[in-house]
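Numbering (the numbering used here), first residue to last: 4 to 190.
Here a beta-carbon is modelled for each residue, glycine too, at the ideal position from N, C-alpha and C.
What you are looking at is a predicted structure, and each value in this text was computed from that prediction instead of being measured.
This is the structure:
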């Protein structure tokens with residue numbers, strides 16, 4: 004049996020999440036991805052009872068896409084803490100809403116442009132990058148496990164970066180069933 008399913012992002016052209024769920028059903032798709040960058044998809048703006056009701060009424064699932072700017076390896080400790088807190092808040096909300104798939108990108112971080120190259124700070128400081136990611140995932144994955152979900156790292160054109168590929172491999176080895184990869188054909 005295949006684990007492959009097709010869904011749609013939350014479309015900003017539609018007035019609300021309910022309209023997205025209805026369109027998803029009409030198109031015969033399996034799920035709507037709730038993008039946590041959209042104000043209407045914020046946990047404080049989207050009651051879990053509404054999500055559960057739309058799932059039942061429309062017969063579609065929901066997934067979550069964590070904020071695009073989430074940077075779990077930031078060099079600034081307070082920034083990292085804030086991003087981890089954001090991620091765990093979203094995971095806990097998703098659990099209450101019955102959502103079991105959460106997607107995220109790994110941030111490639113900041114780079115400096117020199118006349119002949121780009122210098123990626125995470126590449127230059129790859130051990131700190133990886134250590135910060137592992138610490139962040141150590142805090143987030145127990146929340147994912149508690150709600151019976153999977154956290155999926157989405158392609159974003161950065162898997163070819165050696166420091167990202169190395170970190171992804173380490174994360175997958177360490178967190179096994181709670182962590183996976185997903186492919187967004189739109190990237």
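The distance from the Cβ of residue 66 to that of residue 32 is about 11 Å, inconsistent with a contact at the 8 Å cut-off.
Taking the CA atoms as reference points, residue 99 sits about 41 Å from residue 115. Here residue 38 is bridged, per DSSP, to 68. In this structure, residue 44 and residue 34 do not form a Cβ contact; the two beta carbons are roughly 14 Å apart against a cut-off of 8 Å.
Taking the Cα of residue 177 as reference, the smallest distance to any Cα among 125, 40, 140, 20 is reached at 140. In the three-state scheme derived from DSSP, where H, G and I count as helix and E and B as strand, residue 113 is classed as coil.
For residue 186, no beta strand (DSSP E) encloses it, and the DSSP letter there is neither H nor E.
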